[in-house]
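Here is the structure we will look at.
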């Protein structure tokens, strides 16, 4: 693995290798020191969990960390995305973690940047390390993926997490069902009734409504929480060993009610913790040659 642009570029064996390494790192079965390798986190879009999870992972691996600030950079003087990336390569950094609003922003960098790049999120299409941490959370819970049933719920049209999770969960042998109001659907998928499938699935993958990506004419219906929000009544209908995941940040009392976010079935803050170890594993795969 020379870069991580999309999990679709990896075999299922390679995905499981990353997850196994992340588990070993989490359990302190292996210790890795990257000996001061320099990693630059270039986030052209706001982020808390992904950005600072990568920073934490880098520090745990004894990397030197550069956290780029787009708002105070030469982008404000008209510098291009490509020239900004090329500048950091020219500094002599060892790896770049990049997020941008554009779909497949990495295509313009292929063959032109000669250090490893990790996709920290591109547009509405892909979020490989979020999918990895979701998979790790599921694997810890159930031991394997094959035959598990997952219900993905919410803003499918604008969520890179949804697109990444749906495709890769299916590749790994999970049966994925999708539920969303019509105005938040991606028409390439088929949809099921939310309440009908709650008792049938092992994992409910709630999604954040991407307010910043919605077109101005789209208004979230006041009935969204009533029709698609996860409340105590719906949680009570879940299977005994089923779990809830959400990529966060959460629009409280919209996608999930306050009393469900830290209920016994929720794994949201465990996901955040797992994100550190997944990102450590990715960096080790790229930098420990």
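In this note's numbering, the protein residues as written are 2 to 290.
From the three backbone atoms N, C-alpha and C, an ideal C-beta is built for every residue, glycine too.
Quantities reported herein were computed from a predicted structural model and do not represent experimental measurements.
Outcome for residue i when other beta-carbon atoms lying within 10 angstroms are tallied against a minimum of 16
i: residue 235; result: buried
i: residue 140; result: buried
i: residue 169; result: buried
i: residue 115; result: exposed
i: residue 277; result: buried
In DSSP terms, what residue i is bridged to
i: residue 150; result: 176
i: residue 2; result: Answer is none; residue 2 lacks a bridge partner.
i: residue 29; result: None; residue 29 has no bridge partner.
i: residue 278; result: BP columns for residue 278 are empty, so no partner.
i: residue 96; result: 40
i: residue 10; result: Bridge partners of residue 10: none, in fact.
Inter-residue Cα distance where the pair is residue i and residue j
i: residue 151; j: residue 78; result: 46 Å
i: residue 199; j: residue 244; result: 11 Å
i: residue 1; j: residue 137; result: Past the edges of the chain, shown from 2 to 290, lies residue 1, and the structure says nothing about it.
i: residue 251; j: residue 273; result: 13 Å
i: residue 275; j: residue 192; result: 29 Å
i: residue 65; j: residue 118; result: 16 Å
i: residue 93; j: residue 40; result: 10 Å
i: residue 59; j: residue 16; result: 20 Å
i: residue 157; j: residue 48; result: 19 Å
i: residue 50; j: residue 271; result: 12 Å
i: residue 225; j: residue 74; result: 39 Å
i: residue 288; j: residue 165; result: 24 Å
i: residue 171; j: residue 122; result: 20 Å
i: residue 213; j: residue 76; result: 21 Å
Integer-rounded CB distance, given that residue j should sit under 8 Å from residue i
i: residue 187; j: residue 143; result: About 27 Å separates the two Cβ atoms, so there is no contact after all.
i: residue 44; j: residue 69; result: 7 Å
i: residue 4; j: residue 36; result: Rounded, the Cβ-Cβ distance is 21 Å, inconsistent with contact.
i: residue 208; j: residue 255; result: Residue 208 to residue 255, Cβ: 11 Å. No contact.
i: residue 7; j: residue 129; result: 6 Å
Min CB distance residue i to chain D below 9 Å
i: residue 235; result: Among the chains of the structure shown, chain D does not appear; only one protein chain is present.
Three-state class that DSSP yields for residue i in the structure shown
i: residue 218; result: Unreliable positioning characterises residue 218 in this predicted model, as indicated by a pLDDT of 45, which lies under 50. A coordinate reading is not provided.
i: residue 118; result: strand
i: residue 70; result: strand
i: residue 205; result: strand
i: residue 244; result: strand
i: residue 65; result: strand
i: residue 158; result: coil
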